[in-house]
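So for the first sequence, the UniProt record's numbering puts the first residue at 1; every next one is plus one. To start, the structure itself, in structure tokens.
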Amino acid sequence: MPEHQPVAWDKHSTQKMTYTPKIITANGVINGPTTPLNRTPSRASGSETQGSRQNKSRSPNGSINNKTQHASPNLGQRRSRTAYMQSDEEDELSSQPNSQSPKKERKMNGAALPNGGKDELKRSKEEDIRSHRMQLPIYDGKGAIVNAVRENDTVVVLGETGSGKTTQLPQYLFDEGLAKDGMIAITQPRRVAAVTIAARVSVEQGTSLGEQVGYSVRFQERTSRFTKIKFCTDGMLVRELLLDPYLEKYSIVIIDEAHERTLRTDMLLGSLKRIQQERKAGERRSKDGKKLDQLKVVIMSATMDAERFSKFFGGCPILYVSGRQHPVAIMHAEEPVEDFIFGCKRVFLQILTNEPPGDILMFLPGQDDIESMMKTTRDMITQLPPNLAKVLSLPLYGALPPEQQRKIFDPAPEGFRKVVFATNIAETSITIPGIRYVVDTGLCKERSYHTGHGGSGLDELLIKPISKSSARQRAGRAGRLGAGTCFRLYTADTYEALPEAPIPEIQRCDLNAAILDLKVLGEDPLTFDYIDRPLDDAIRASLMTLYALQALNAQGHLTPLGRKMSSFPLEPSLSLVVISSKARACTSEILDIVSLLTCTAKLFVDTGDTREVAADARKKFRHRDGDHLTLLNVFRSYEDVVSANTSTGTNINADARTANVKTNGPSTYAGNRRAVRQWCFTHFLNEKALNEALTIRTQLRNNCEREGIDWKVSCGDDLEPVLKCLLDGLFRKSALKAADGTYRQIGMQQVLKIHPSSSLVDRKPAAIIFDELLVTTAVYARGVSVIHSSWLVDTPLFNSKKDEPVTHANGQKGAIRKNNHANGTNGNTI
DNA sequence: CTCTCCCT
Numbered sequence: 001m002p003e004h005q006p007v008a009w010d011k012h013s014t015q016k017m018t019y020t021p022k023i024i025t026a027n028g029v030i031n032g033p034t035t036p037l038n039r040t041p042s043r044a045s046g047s048e049t050q051g052s053r054q055n056k057s058r059s060p061n062g063s064i065n066n067k068t069q070h071a072s073p074n075l076g077q078r079r080s081r082t083a084y085m086q087s088d089e090e091d092e093l094s095s096q097p098n099s100q101s102p103k104k105e106r107k108m109n110g111a112a113l114p115n116g117g118k119d120e121l122k123r124s125k126e127e128d129i130r131s132h133r134m135q136l137p138i139y140d141g142k143g144a145i146v147n148a149v150r151e152n153d154t155v156v157v158l159g160e161t162g163s164g165k166t167t168q169l170p171q172y173l174f175d176e177g178l179a180k181d182g183m184i185a186i187t188q189p190r191r192v193a194a195v196t197i198a199a200r201v202s203v204e205q206g207t208s209l210g211e212q213v214g215y216s217v218r219f220q221e222r223t224s225r226f227t228k229i230k231f232c233t234d235g236m237l238v239r240e241l242l243l244d245p246y247l248e249k250y251s252i253v254i255i256d257e258a259h260e261r262t263l264r265t266d267m268l269l270g271s272l273k274r275i276q277q278e279r280k281a282g283e284r285r286s287k288d289g290k291k292l293d294q295l296k297v298v299i300m301s302a303t304m305d306a307e308r309f310s311k312f313f314g315g316c317p318i319l320y321v322s323g324r325q326h327p328v329a330i331m332h333a334e335e336p337v338e339d340f341i342f343g344c345k346r347v348f349l350q351i352l353t354n355e356p357p358g359d360i361l362m363f364l365p366g367q368d369d370i371e372s373m374m375k376t377t378r379d380m381i382t383q384l385p386p387n388l389a390k391v392l393s394l395p396l397y398g399a400l401p402p403e404q405q406r407k408i409f410d411p412a413p414e415g416f417r418k419v420v421f422a423t424n425i426a427e428t429s430i431t432i433p434g435i436r437y438v439v440d441t442g443l444c445k446e447r448s449y450h451t452g453h454g455g456s457g458l459d460e461l462l463i464k465p466i467s468k469s470s471a472r473q474r475a476g477r478a479g480r481l482g483a484g485t486c487f488r489l490y491t492a493d494t495y496e497a498l499p500e501a502p503i504p505e506i507q508r509c510d511l512n513a514a515i516l517d518l519k520v521l522g523e524d525p526l527t528f529d530y531i532d533r534p535l536d537d538a539i540r541a542s543l544m545t546l547y548a549l550q551a552l553n554a555q556g557h558l559t560p561l562g563r564k565m566s567s568f569p570l571e572p573s574l575s576l577v578v579i580s581s582k583a584r585a586c587t588s589e590i591l592d593i594v595s596l597l598t599c600t601a602k603l604f605v606d607t608g609d610t611r612e613v614a615a616d617a618r619k620k621f622r623h624r625d626g627d628h629l630t631l632l633n634v635f636r637s638y639e640d641v642v643s644a645n646t647s648t649g650t651n652i653n654a655d656a657r658t659a660n661v662k663t664n665g666p667s668t669y670a671g672n673r674r675a676v677r678q679w680c681f682t683h684f685l686n687e688k689a690l691n692e693a694l695t696i697r698t699q700l701r702n703n704c705e706r707e708g709i710d711w712k713v714s715c716g717d718d719l720e721p722v723l724k725c726l727l728d729g730l731f732r733k734s735a736l737k738a739a740d741g742t743y744r745q746i747g748m749q750q751v752l753k754i755h756p757s758s759s760l761v762d763r764k765p766a767a768i769i770f771d772e773l774l775v776t777t778a779v780y781a782r783g784v785s786v787i788h789s790s791w792l793v794d795t796p797l798f799n800s801k802k803d804e805p806v807t808h809a810n811g812q813k814g815a816i817r818k819n820n821h822a823n824g825t826n827g828n829t830i
């Protein structure tokens, strides 16, 4: 089939965004009927085509109660644009570099103006804010929400995109005095969101950031003793929970984006339920003897799983708030599309030739698909007539350096179309302005964790169909600017067969850290009240792992070592590496390595065409004993370059410090930044990763100091202790080479290969350890280092304990199956 | 012979 053959669209199935809420609230619907005007009934009840429906009932503002829209459509249009920029949901606020940073805002507030105009300006600004807030769809539901929270311990709020729930609800509760003497915490899955929403809300409250309204995320906190409304990441609140198991500081906890079901959100939901049971009726007293009021919980979700949350919290009321979103026409393919890359090319041409101007966003599963689309569209464009060839194509994926990511925010040149090829990152984390067309392959890469193999797990990263809620979310990305269209490269029947929501993270990841946290909280991981239970096998596997790491004793009780491990912001095995670096006298080296290992930004960023040049440029860092020591070399070289280019005395954090910002970050240099940047560039290193590693290292050094570990202790040039130390924590991720050149993981005999990105891929040493086992096209070990096979004898793998691990649930019931010592961990298989 | 995304 030729590329210019258009994809046939299933006219009959063409439908509008999105779902019809079936939920009838306990208190009645807040903001109009359950089916607002901007939603059509599902396909079953109407077969209207795109055109007929679109022209009929759509208003840009969606909400039925919108007053501006009837009075003046133009005004409505303009206002909705403003709403998009200022207050839509957190993603808009957070991910656009142009959105106001806290700093900018301060500047603007204090802008020098003629004295006379100042008050007036302030007044009109306040008026703007007030009228803006009153126009948000959630405003009409304020009374109902406040009442519901006043009368119930727990309330679920089902709020659509653009309803204003995230910014407004905390303020409503605060303004009405529902927080009493306590604080309100609002959790977000992502750091940027917490920071930017806090900035916005503090402006709306008319106070400066860090006073009444603050935030707390890793590496950055801005709060004071006056702070009453605190935005934080869900991970941060879990951290607080470990120190304060009843969350005594708080009178209200709001879990936002609960539908995303992050591991930490799920941990919080279970814990909040327990806290409510214990704080109920004032039976619980705080540490200083005061009576603790009941903890109010508000769960905010954007999808239909609201009922699930309600059920979990004893059938609490669900309130529904409609959103503000432009209509999106949804086109399904008539026939299944077999080759999605080919399908994407065809739709791309189709849009270029048939559709009015507007930018395009394509959802692809991974980096290599994006690269191949970039290449093929470049080729295609050269063959198009010049009027159609005005296309600016851009990639967008997580590993892309930020300066390249930022390019998607620039408008395309006059007369050009922008087309962005993106992974899932464009689904929730980054909102691209100005998109009118979405092309949805219906695919994503999903990580799943296979516990089997007696505990040490196997990650799988495979292309999978998305869920209905993801499909709706992707389509919604076409409706930010105005009416849009979403082309789905799958049939309507395929859509109907998709699962409603993705599998919650807690059911598809390694639980070691989460289970350790539960143990610190004194919970029994086997009987904890999960909203969705992980498999018992997964829980037991983690208990076994924690036992092997000596975080738990044979009775399954938390050991002092385990408590120490939980205090590090690391997964338990890496915590153990850090702790054992004390005895091996190589903490300095280990912190460098662990910092780089755990930073989210990728240190090495390669695309197809630069891969070889980059590998060549980095050759000088390569250490013959593998990837961990190579990382150490990179880090040391980087620090040399930085100190060679540092002018003393200046400090870019000075600014932040005078502004009373608490940062855990390192004092960064203000010397010759450009030289450092150039060095990173010529060596194909991501400077952001190195900066992040510096910040992490500072945090880890503080942790070490607290735990009595001297982080300055270095092993010098003899790096053997470093490798042994890594083995102390990673011993379950070790493998020996077999005769055929592949490896067998020790204990479980899993066959694996060294990942091609590893420096050891050609060397193939006899015994290795690795950070991660990932199944993609094969079973690959990533982050690999050489060890001596004799070292393995000293690991717990080969020290069959006399006290068999009976990792009970709190020593009572649910005894754990024996681990698979018989399967090789006794050492007799080598 | 190659890496969805986020969090302490």
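Ideal Cβ positions, reconstructed from N, Cα and C, are used throughout, including at glycine. Since we're looking at a predicted model, the values are computed, not measured.
So, under 8 Å CB-CB, residue i and residue j are touching, yes? Tell me the CB distance rounded to an integer number of Å.
i: residue 832; j: Asn686; result: In this structure the chain extends from 1 to 830, so residue 832 is not present and cannot be described.
i: Asp266; j: Glu772; result: Contact doesn't hold; Cβ gap of about 23 Å is too wide.
i: Ala302; j: Thr161; result: 6 Å
i: Arg284; j: Leu272; result: Not confirmed; about 14 Å, so no contact.
i: residue 833; j: Leu760; result: The structure shown has nothing for residue 833, since the chain only spans 1 to 830.
i: Leu576; j: Leu719; result: With a Cβ gap of about 19 Å, Leu576 and Leu719 do not count as contacting.
i: Ile330; j: Arg488; result: 7 Å
i: Ile197; j: Ile255; result: With a Cβ gap of about 14 Å, Ile197 and Ile255 do not count as contacting.
i: Ala475; j: Val439; result: Going by Cβ atoms, the distance from Ala475 to Val439 rounds to 11 Å, so no, they are not a contact pair.
Tell me the DSSP secondary structure of residue i in three-state form.
i: Leu384; result: coil
i: Ile531; result: coil
i: Ala617; result: helix
i: Arg346; result: helix
i: Gly117; result: helix
i: Ser216; result: strand
i: Ile64; result: Low per-residue confidence applies at Ile64: pLDDT is 26, beneath 50, and the placement is therefore not dependable enough to give any value.
i: Met544; result: helix
i: Cys725; result: helix
i: Asn363; result: Going by the sequence as given, residue 363 is Phe instead of Asn. Three-state DSSP puts Phe363 in a strand.
i: Lys737; result: strand
i: Cys316; result: coil
i: Ser208; result: coil
i: Phe226; result: coil
What is the rounded straight-line gap between the Cα of residue i and the Cα of residue j?
i: residue 831; j: Lys582; result: Coverage of the chain is limited to positions 1 through 830, which leaves residue 831 absent and any answer about it impossible.
i: Met304; j: Pro137; result: 19 Å
i: Val321; j: Gly141; result: 7 Å
i: Ser72; j: Ile408; result: Per-residue confidence for Ser72 stands at a pLDDT of 26, beneath the threshold of 50, marking its modelled position as unreliable; no derived number is given.
i: Leu178; j: Lys230; result: 15 Å
i: residue 831; j: His683; result: The first residue shown for the chain is 1 and the last is 830, placing residue 831 beyond what the model contains.
i: Leu364; j: Tyr215; result: 34 Å
i: Ser567; j: Ser251; result: 25 Å
i: Ile466; j: Asp10; result: 20 Å
i: His259; j: Ile503; result: 11 Å
i: Ser163; j: Ser573; result: 42 Å
i: Gly514; j: Glu639; result: Position check: residue 514 holds Ala in this sequence, whereas Gly was assumed. Near 34 Å, if we compare the C-alpha coordinates of Glu639 and Ala514.
i: Arg274; j: Leu237; result: 15 Å
Are the CB atoms of residue j and residue i within a distance shorter than 9 Å?
i: Ile360; j: Tyr397; result: no
i: Leu173; j: Lys296; result: yes
i: Glu257; j: Gln171; result: no
i: Phe340; j: Asp369; result: yes
i: Met183; j: Lys228; result: yes
i: Cys316; j: Thr428; result: no
i: Phe770; j: Ala735; result: yes
- Message: Measuring CB atoms only, is the region 544–556 touching the region 599–616, in the sense that at least three cross pairs come out at less than 8 Å?
- Response: no
- Below 8 Å, can you find three or more Cβ-Cβ pairs linking the region 743–761 to the region 696–711? no
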